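Residue numbers (the UniProt record's numbering): 1 to 364.
Every residue, glycine too, gets a C-beta built ideally from N, C-alpha and C.
As the structure is a prediction and not an experimental result, all values here were calculated from the model.
Encoded as structure tokens, the structure appears first; notes follow it.
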Amino acid sequence: MTTKITIFGVGLIGGSLALCLKDKPGFTVVGHSPRPNSLKRMLERGVVDVATSSMEEAVQDADFIFLCVPVGNLEEYLQELYRLPLKPGCIITDVGSTKASVAACAQKLARHDVHFIGGHPMAGSERSGVDAATTLLFENAFYVLTPPASVPEEAYFRLEKLLTYTRAQIVRVDPVMHDQIVGAISHLPHIIAVALVNQICDYNANSELYRTLAAGGFRDITRIASSDPIIWRDILLSNRDVLLGQLKDWNREISTFVSLLEERNGEGIEEAFQKANLFRSELPEGRKGAITSLFDIYIDVPDTPGIIGQIATELGEQHINLSNMQIIENREDVQGLLRLSFRNETEMERAKEHLQGIGYKVYF
Ligand SMILES: NC(=O)C1=CN([C@@H]2O[C@H](COP(=O)(O)OP(=O)(O)OC[C@H]3O[C@@H](n4cnc5c(N)ncnc54)[C@H](O)[C@@H]3O)[C@@H](O)[C@H]2O)C=CC1
Ligand SMILES: O=C(O)C(=O)Cc1ccc(O)cc1
Numbered sequence: 001m002t003t004k005i006t007i008f009g010v011g012l013i014g015g016s017l018a019l020c021l022k023d024k025p026g027f028t029v030v031g032h033s034p035r036p037n038s039l040k041r042m043l044e045r046g047v048v049d050v051a052t053s054s055m056e057e058a059v060q061d062a063d064f065i066f067l068c069v070p071v072g073n074l075e076e077y078l079q080e081l082y083r084l085p086l087k088p089g090c091i092i093t094d095v096g097s098t099k100a101s102v103a104a105c106a107q108k109l110a111r112h113d114v115h116f117i118g119g120h121p122m123a124g125s126e127r128s129g130v131d132a133a134t135t136l137l138f139e140n141a142f143y144v145l146t147p148p149a150s151v152p153e154e155a156y157f158r159l160e161k162l163l164t165y166t167r168a169q170i171v172r173v174d175p176v177m178h179d180q181i182v183g184a185i186s187h188l189p190h191i192i193a194v195a196l197v198n199q200i201c202d203y204n205a206n207s208e209l210y211r212t213l214a215a216g217g218f219r220d221i222t223r224i225a226s227s228d229p230i231i232w233r234d235i236l237l238s239n240r241d242v243l244l245g246q247l248k249d250w251n252r253e254i255s256t257f258v259s260l261l262e263e264r265n266g267e268g269i270e271e272a273f274q275k276a277n278l279f280r281s282e283l284p285e286g287r288k289g290a291i292t293s294l295f296d297i298y299i300d301v302p303d304t305p306g307i308i309g310q311i312a313t314e315l316g317e318q319h320i321n322l323s324n325m326q327i328i329e330n331r332e333d334v335q336g337l338l339r340l341s342f343r344n345e346t347e348m349e350r351a352k353e354h355l356q357g358i359g360y361k362v363y364f
């Protein structure tokens, strides 16, 4: 007997889930999109076994249905789904970055023959679309599930078992609590990163030097400001009430710094840094958090045409997943410094070893 898994919205997250589940014994992965181009691309990339624009065909006999569309579209998808004939016992889940609104919607629609369990894989990136999908995305990350009390344990365990293929750690959280916590550690930092980049963008209108000197660390800490505008518009609007409260607290934190500076209060500044230092030192290590870390190495490269392609091919041939690459400084006839970013330490270590082995000088 085959297990049919249907995915609506085969983009970064839907495509990565599809890749984790496809080719597993007894599984058939079906991708849905209303757009012919998306259907063609998901088949070309080989992330699904079957691609269809028919919602009825997609859900017919499905054991699991994943909604991986933007948060703002989850309600309309749920409403449509609940009108269709579904396999008794079918589990519907989503991957949205907020959980309270979708949980409330599913509770209103409730159907006795199917189970809705909200989900949120707490890993991702600033990139989007099926081309950015990867099997490694969820490895070593947390995957939040928010089952309502009405869902039988048997159904919860069935979903939990399926998700072991993502190699993420499942955690069970109340949806309202989820939105409070994820608002603070993911949504608020995205707002702050965008506001900070936009502030510097405005300064840059007076001198291009702002952009030039913002290389390196500034670029790293504001990576999340490059996230998809539609995905993030929906997340912020969905978690609006929580974020309005947290932004008030943020304003208070910033006002404290304004006062400390106005009063030239050096002791207060030291205390603020000490408090932050202590809390940061206690953050868990060795597991992906809500915001993905990048693992970077640097190599000297000659300034010759096609060098980036050569390095990418070298790593590709070793099946090493490169997340990003950038020339830091490259003048004609001078050695350039190439930054290579990886999503995990293992890939970074393999790249380091391989590049050293073929004669590159590697810095880390
Ligand atoms: N980007 C990230 O790192 C993470 C995102 N999420 C959540 O995952 C969901 C999907 O996000 P991503 O995969 O990043 O986005 P994406 O843009 O890569 O994929 C979204 C998919 O939904 C489809 N789609 C877009 N607009 C649609 C619409 N109006 N109606 C129907 N389909 C539409 C797109 O064609 C695409 O296949 C969102 O709910 C997001 O909150 C969860 C964890 C991490
Ligand atoms: O780019 C990053 O590191 C992210 O912050 C990814 C991310 C985006 C949305 C989520 O709900 C969870 C993780």
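- Query: Relative to the alpha-carbon of lysine 288, which residue among Arg167, Ile327, Asn206 has its alpha-carbon at the smallest distance?
  - Reply: Of the listed residues, the one whose Cα sits closest to lysine 288 is Arg167.
- Message: Could you check whether phenylalanine 64 and threonine 3 sit closer than 9 Å to each other, using their CB atoms as the reference points?
- Response: yes
- Quick one: residues in its chain with C-beta nearer than 6 Å to the C-beta of leucine 21, no 5 flanking neighbours on either side, listed in chain order? Ile5, Phe27, Val29, Tyr165
- Message: Looking at the strands, I want to know which residues DSSP matches up with proline 148.
- Response: Note: proline 148 sits in no beta bridge, so no partner.
- Query: Nearest to leucine 84 by CA position, among Asp61, Ala149, Ala103, is which residue?
  - Reply: The candidate whose alpha carbon is nearest that of leucine 84 is Asp61.
- If you draw a straight line from the alpha carbon of methionine 177 to that of isoleucine 185, how long is it in whole angstroms? 13 Å
- Looking only at C-alpha atoms, which of Arg339, Arg350, Ile320, Tyr363 sits nearest to residue 366? Outside the modelled stretch of the chain, which goes from 1 to 364, sits residue 366, for which no answer is possible.
- Message: For methionine 325 and leucine 340, which I take to be in contact (beta-carbon distance under 8 Å), what is that distance rounded to the nearest angstrom?
- Response: 5 Å
- Message: Tell me whether the segment 198 to 205 and the segment 257 to 271 touch, counting them as touching only if at least three CB pairs, one residue from each stretch, are closer than 8 Å.
- Response: Judged by Cβ distances under 8 Å, the segment 198 to 205 makes no contact with the segment 257 to 271, as fewer than three pairs qualify.
- Query: Given that a residue counts as buried once 16 or more other Cβ atoms are within 10 Å of its Cβ, and exposed if not, what is leucine 283?
  - Reply: exposed
- Query: Straight-line CA distance for lysine 352 to alanine 205?
  - Reply: 39 Å
- Query: Shorter than 9 Å from the beta carbon of glutamate 208 to some beta carbon of chain D?
  - Reply: Included in the structure is just one protein chain, with no chain D present.
- glutamate 347 versus Ser101, Arg45, Phe295, residue with shortest Cα-Cα distance: Phe295
- Item | Touching by the beta-carbon criterion (3+ pairs, under 8 Å), the segment 154 to 163 and the segment 209 to 220 | no
- Task: Determine the burial state of valine 258: buried for a count of at least 16 other Cβ atoms within 10 Å of its Cβ, exposed for fewer.
- Result: Result: exposed.
- Alpha carbon to alpha carbon, how far is valine 47 from alanine 18? C-alpha separation (whole angstroms): 6 Å.
- Query: When the Cα atoms are used, what is the spatial distance from aspartate 228 to aspartate 234?
  - Reply: 10 Å
- Taking the C-alpha atoms as reference points, what is the distance between histidine 190 and serine 101? 20 Å
- Message: Suppose the cutoff is 6 Å on Cβ atoms and the five residues either side in sequence are ignored; what does the same chain contact list for glycine 357 look like?
- Response: Result list for glycine 357: empty, nothing under 6 Å.
- Query: Straight-line CA distance for serine 16 to leucine 39?
  - Reply: 15 Å
- Within 8 Å: the Cβ of glutamate 154 and any heavy atom of ligand 2? no
- Item | Inter-residue CB distance, serine 53 and proline 36 (contact presumed, cutoff 8 Å) | 7 Å
- Answer with buried or exposed for tyrosine 363, where buried requires no fewer than 16 other C-beta atoms within 10 angstroms of its C-beta. Classification for tyrosine 363: exposed.
- Task: For glycine 216, count neighbouring Cβ atoms within 10 angstroms of its own Cβ and tell me buried if that reaches 16, exposed if not.
- Result: exposed
- Just the Cα atoms here: how many angstroms apart are isoleucine 299 and valine 144? 38 Å
- Query: Going by the CB atoms, is the gap between glycine 183 and valine 242 shorter than 9 Å?
  - Reply: yes
- Message: What does the alpha-carbon distance come out to for the pair tyrosine 82 and arginine 219?
- Response: 44 Å
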